[in-house]
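*Asks:*
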Amino acid sequence: MMVKKICNITVRKIILLLDWIVPKNKNSILFASNSRKLFSGNSKALFEVFKYDQEFTTRYTADNVESEADEYYINIKSLSGLWYFIRADILIGTHGLSDFYFDFSYRKTFIQTWHGTPLKKIGLCNTNGQDSYKKTRKHIDKVTYFLSSSNMVSSSLVRCFRIPEKKLLEIGYPRNDTLLNLKTTKELHEKYGAKKLILYAPTFRDWAPTRLFPFDDFCFSELNRTLTEQDAVLLIRAHVNESNNTNTLNTRIINFDFTQCPDVNDILPEIDLLITDYSSIYFDYLLLNRPAIFIPYDLEEYREKRGFLYDDYDGLMAGDKIIDGQEFIESIKENLNSDDYYVSRARVNKMVNFHQTEDTSRYIKEILKARYDR
1 MMVKKICNIT VRKIILLLDW IVPKNKNSIL FASNSRKLFS GNSKALFEVF KYDQEFTTRY
61 TADNVESEAD EYYINIKSLS GLWYFIRADI LIGTHGLSDF YFDFSYRKTF IQTWHGTPLK
121 KIGLCNTNGQ DSYKKTRKHI DKVTYFLSSS NMVSSSLVRC FRIPEKKLLE IGYPRNDTLL
181 NLKTTKELHE KYGAKKLILY APTFRDWAPT RLFPFDDFCF SELNRTLTEQ DAVLLIRAHV
241 NESNNTNTLN TRIINFDFTQ CPDVNDILPE IDLLITDYSS IYFDYLLLNR PAIFIPYDLE
301 EYREKRGFLY DDYDGLMAGD KIIDGQEFIE SIKENLNSDD YYVSRARVNK MVNFHQTEDT
361 SRYIKEILKA RYDR
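So, in structure tokens, the structure goes:
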């Protein structure tokens with residue numbers, strides 16, 4: 001075991017050395033996301049734009065064998081994939097250095113697009129987490145640009161990662177470009193034969209499984225009856241780090257996990273009502289200014305074990321806060337037919353998405369082109 005560990009460290013140091021000395025292919029980009037579990041989010045959104053630009057050579061990597069038939073896919077652990085990684089001039093990721101498996105030199109341009117507007121404590125602010133100062137410093141030192149969507153978000157990122165302000169780009173997130181171009185389809189509505197679609201997307205808890213319906217008086221049959229009356233379908237989407245133990249119960253309550261839709265932003269424009277707890281998906285959904293319901297059943301425990309960056313949870317999460325099963329049913333009915341939080345959501349949206357436009361991907365392309373035209 002020790003010999004294997006030493007060999008692994010040696011190989012990685014050699015690869016890092018090669019990355020320092022091997023010439024780079026100008027405007028060659030490698031995209032990755034979510035520590036390669038999925039190819040999604042900002043990285044995927046940017047890739048879909050850059051791959052059509054002949055000024056750039058683009059590839060992406062993910063630990064997903066189904067991707068291997070794609071001409072743009074590389075296995076970063078293969079010799080050819082490793083060589084592309086070493087020669088790549090630009091890296092674009094969503095989570096951290098783990099997106100690319102191997103360490104890399106400061107010669108590369110590294111764009112950290114991040115994967116969600118922070119509500120929970122992250123980085124150095126998460127005292128219960130595993131991110132050491134050394135690990136965080138190494139990550140941020142290698143970042144060329146770190147994306148943000150507002151001054152409020154930038155302030156949080158500076159607190160959490162000690163990012164120099166000159167590295168922050170307050171231009172919004174590429175994954176949200178499509179939420180603002182208003183080209184909404186009805187594919188999912190047609191697929192499930194429903195007038196209204198509800199997405200339930202709770203966040204991940206390190207210490208315990210998420211309780212989807214944590215109410216003593218909860219009744220599945222009553223929920224199903226309400227969905228039928230409202231001609232609605234409930235899509236239940238567990239966090240990527242947590243398996244969804246709720247099987248598809250019927251045509252009204254669907255297990256809509258990552259195998260069916262790797263990138264949730266692809267379907268957000270079709271969602272009529274969002275249900276969540278502390279997930280940052282809510283901040284993206286604000287751009288559509290549609291109703292949201294919250295189930296913060298373990299708010300104090302979550303505050304203690306994970307923590308929030310902001311004290312005013314109720315003020316930021318503009319929508320009904322559910323505490324029992326009957327209230328849950330009534331809230332679904334009301335929010336599918338009326339909207340009492342329109343003004344409150346618009347206020348929060350301005351705070352967190354102030355710089356978001358539908359042209360973030362184009363801005364990044366212009367920045368990279370200008371960087372290499374100098």
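Residue numbers (UniProt numbering): 1 to 374. Heads up, the beta-carbon is just placed ideally off N, CA and C, and yes, glycines get one too.
1) Out of curiosity, what's the CA-to-CA distance linking Lys77 and Cys261?
2) Measure the CB-CB distance between Tyr372 and Asn27 and report whether it falls below 9 Å.
3) How big is the Cα-Cα spacing for Phe102 and Ala201?
4) Would you mind giving the Cβ-Cβ distance between Ile254 and Leu234, rounded to the nearest angstrom? I have them listed as a contact below 8 Å.
5) Let's see if you can read the secondary structure: which residues bound the beta strand (DSSP E) around Asn27?
6) Which whole-angstrom value describes the C-beta separation of Ile293 and Asn349, a residue pair presumed to lie in contact below a C-beta threshold of 8 Å?
7) So, for Ile163: in the same chain, excluding its five sequence neighbours on each side, which residues have a beta-carbon less than 6 Å away from its beta-carbon?
8) In angstroms with no decimal places, state the Cα-to-Cα distance between Ile267 and Ile281.
9) Is Val264 buried or exposed, if buried means 16 or more other CB atoms sit within 10 Å of its CB?
10) Within the stretch 134–199, note down every full alpha helix (DSSP H) run reaching 4 residues or more, in order along the chain.
11) Hey, would you say the C-beta of Arg303 is under 8 Å away from at least one heavy atom of the ligand SAH?
12) Specify, as a first and last residue, the run of the beta strand (DSSP E) that Gly93 falls within.
13) Can you check whether the CB of Phe308 is closer than 9 Å to the CB of Tyr341?
14) Given a cut-off of 9 Å on the beta-carbon distance, is the pair Tyr73 and Thr113 in contact?
15) Thinking C-beta only, is Gly41 closer than 9 Å to Thr61?
16) Only counting runs of 3 or more residues, tell me where the beta strand (DSSP E) segments fall wholly within the stretch 279–324, in order along the chain.
17) CA-CA distance, Ile29 and Arg59?
18) Can you tell me whether DSSP reads Val22 as helix, strand or coil?
19) Have a look at Asp19 and Thr109 and give me their C-alpha separation to the nearest angstrom.
20) Applying the 10 Å Cβ sphere with the 16-neighbour rule, what's the burial state of Cys7?
21) Residues bridged to Ile111 by DSSP?
22) Judging by CA-CA distance, which residue of Glu170, Leu197, Ile86, Lys365 is the nearest neighbour of Ile271?
23) Within 10 Å of its beta-carbon, does Phe328 have 16 or more other beta-carbons around it, so buried, or fewer, so exposed?
24) Give me, in chain order, the residues of the same chain whose beta-carbon lies closer than 8 Å to that of Glu187; leave out the 5 immediate sequence neighbours on both sides.
25) Just confirm the distance between the C-beta atoms of Arg205 and Leu227, as a whole number of angstroms; I'd bet it's less than 8 Å.
26) When you compare each of Tyr106, Asn34, Phe161 to Thr144 by their alpha carbons, which one comes out closest?
27) Under a three-way DSSP split, which group does Tyr60 fall into?
28) If you count every other CB in all the chains shown that lies within 10 Å of the CB of Met2, and 16 or more means buried, which is it?
29) Flag this pair as yes or no: are the beta carbons of Ser148 and Leu168 separated by less than 9 Å?
30) Please report the straight-line C-alpha distance between Phe31 and Met351, rounded to a whole angstrom.
31) In the DSSP output, which residue or residues are listed as bridge partners for Ile253?
32) Going by DSSP in three states, Leu368 sits in which element: helix, strand or coil?
33) Excluding sequence positions up to five away, which residues of its chain have a Cβ less than 7 Å from the Cβ of Ile122?
34) From the DSSP secondary-structure annotation, give me the bridge partner or partners of residue 375.
35) On the criterion of 16 or more Cβ atoms from any shown chain inside 10 Å, does Leu17 qualify as buried, or is it exposed?
36) Can you tell me which of Ala318, Ile332, Asp89 puts its alpha carbon nearest to the alpha carbon of Asp324?
*Replies:* To lay it out plainly:
1) The sequence position of residue 77 within the sequence shown is 77, counting from 1. The sequence position of residue 261 within the sequence shown is 261, counting from 1. Their Cα atoms are separated by approximately 26 Å.
2) Along the sequence shown, read from residue 1 onward, the residue named residue 372 stands at position 372. Along the sequence shown, read from residue 1 onward, the residue named residue 27 stands at position 27. Their beta carbons are under 9 Å apart, which means Tyr372 touches Asn27 by this criterion.
3) For the purposes of this step, residue 102 is taken as residue 102 along the sequence shown, with counting starting at 1. For the purposes of this step, residue 201 is taken as residue 201 along the sequence shown, with counting starting at 1. Cα to Cα, the separation comes out at about 32 Å.
4) One-based indexing of the sequence shown puts residue 254 at position 254. One-based indexing of the sequence shown puts residue 234 at position 234. Yes, they are in contact, since the Cβ atoms of Ile254 and Leu234 sit about 7 Å apart, within 8 Å.
5) Numbered from its first residue, the sequence shown carries residue 27 at position 27. 25–31 is the span of the beta strand (DSSP E), which, as asked, contains Asn27.
6) For this step, residue 293 is matched to residue 293 along the sequence shown. For this step, residue 349 is matched to residue 349 along the sequence shown. Their Cβ separation, rounded to whole angstroms, is 17 Å, which puts Ile293 and Asn349 out of contact at 8 Å.
7) By 1-based counting over the sequence shown, the position of residue 163 is 163. Residues Ile140, Phe146, Leu157 of the same chain have their beta carbon placed closer than 6 Å to that of Ile163, with the five preceding and five following residues left out of the count.
8) The residue you call residue 267 lines up with position 267 of the sequence shown. The residue you call residue 281 lines up with position 281 of the sequence shown. C-alpha of Ile267 to C-alpha of Ile281: approximately 12 Å in a straight line.
9) As a position in the sequence shown, residue 264 is number 264, starting the count at 1. Counting Cβ neighbours within 10 Å, Val264 comes out buried, since at least 16 surround it.
10) For secondary structure counted as the alpha helix (DSSP H) over 4 or more consecutive residues, the stretch 134–199 holds these complete runs in sequence order: 151–161, 177–180, 187–192.
11) Absence of the ligand SAH is noted for the structure shown, with no ligands found whatsoever.
12) Within the sequence shown, residue 93 is the residue found at index 93, counting from 1. DSSP places Gly93 inside the beta strand (DSSP E), whose first and last residues are 88–93.
13) By one-based count along the sequence shown, residue 341 stands at place 341. By one-based count along the sequence shown, residue 308 stands at place 308. It is not a contact, given that the beta carbons lie outside the stated cut-off.
14) Residue 73 sits at position 73 when you count from the first residue of the sequence shown. Residue 113 sits at position 113 when you count from the first residue of the sequence shown. The beta carbons of Tyr73 and Thr113 sit no closer together than 9 Å.
15) By one-based count along the sequence shown, residue 61 stands at place 61. By one-based count along the sequence shown, residue 41 stands at place 41. Their beta carbons are not under 9 Å apart, which means Thr61 does not touch Gly41 by this criterion.
16) The stretch 279–324 contains these whole beta strand (DSSP E) runs: 292–294.
17) Numbered from 1 along the sequence shown, position 29 holds the residue referred to as residue 29. Numbered from 1 along the sequence shown, position 59 holds the residue referred to as residue 59. Between the alpha carbons of Ile29 and Arg59 lies a distance of about 6 Å.
18) One-based indexing of the sequence shown puts residue 22 at position 22. Annotated three-state conformation of Val22 is coil, per DSSP.
19) The residue labelled residue 19 in the question sits at position 19 within the sequence shown. The residue labelled residue 109 in the question sits at position 109 within the sequence shown. Approximately 12 Å between the Cα atoms of the pair.
20) Along the sequence shown, read from residue 1 onward, the residue named residue 7 stands at position 7. Within 10 angstroms of the beta-carbon of Cys7 lie fewer than 16 other beta-carbons, which makes it exposed.
21) For the purposes of this step, residue 111 is identified with residue 111 of the sequence shown, where counting begins at 1. Note: Ile111 sits in a beta bridge opposite Ile92, Tyr145.
22) Numbered from its first residue, the sequence shown carries residue 271 at position 271. Looking at the Cα atoms, Leu197 is the closest of the given residues.
23) In the sequence shown, counting from the first residue as 1, residue 328 sits at position 328. Buried is the call here.
24) If you number the sequence shown from 1, residue 187 lands on position 187. Excluding positions up to five away in sequence, the list reads Glu270.
25) Within the sequence shown, numbered from 1, the residue matching residue 205 stands at position 205. Within the sequence shown, numbered from 1, the residue matching residue 227 stands at position 227. Contact flag wrong, Cβ pair sits at about 26 Å.
26) As a position in the sequence shown, residue 144 is number 144, starting the count at 1. Checked all of Tyr106, Asn34, Phe161; the closest Cα to Thr144 is Tyr106.
27) Position 60 of the sequence shown, counted from the start, is the residue given in the question as residue 60. Correct three-state label for Tyr60: strand.
28) Here residue 2 refers to the residue found at position 2 when the sequence shown is read from its first residue. It counts as exposed.
29) The count along the sequence shown starts at 1 and reaches residue 148 at position 148. The count along the sequence shown starts at 1 and reaches residue 168 at position 168. Against a cut-off of 9 Å, the Cβ pair of Leu168 and Ser148 comes out as a contact.
30) For the purposes of this step, residue 31 is taken as residue 31 along the sequence shown, with counting starting at 1. For the purposes of this step, residue 351 is taken as residue 351 along the sequence shown, with counting starting at 1. Straight through space, the alpha carbons of Met351 and Phe31 are spaced by roughly 29 Å.
31) For this step, residue 253 is matched to residue 253 along the sequence shown. Secondary-structure assignment with DSSP links Ile253 through a beta bridge to Leu234.
32) The sequence position of residue 368 within the sequence shown is 368, counting from 1. Here Leu368 sits in helix by DSSP.
33) Here residue 122 corresponds to residue number 122 of the sequence shown, with the count starting at 1. Scanning its chain for C-beta atoms nearer than 7 Å, with the 5 sequence neighbours on each side dropped, one finds around Ile122 the residues Cys160, in chain order.
34) The displayed coordinates of the chain run from 1 to 374. Any statement about residue 375 would go beyond what the structure contains.
35) On the sequence shown, position 17 is the one that residue 17 refers to. Exposed, by the Cβ-count rule.
36) If you number the sequence shown from 1, residue 324 lands on position 324. Nearest of Ala318, Ile332, Asp89 to Asp324, Cα basis: Ile332.
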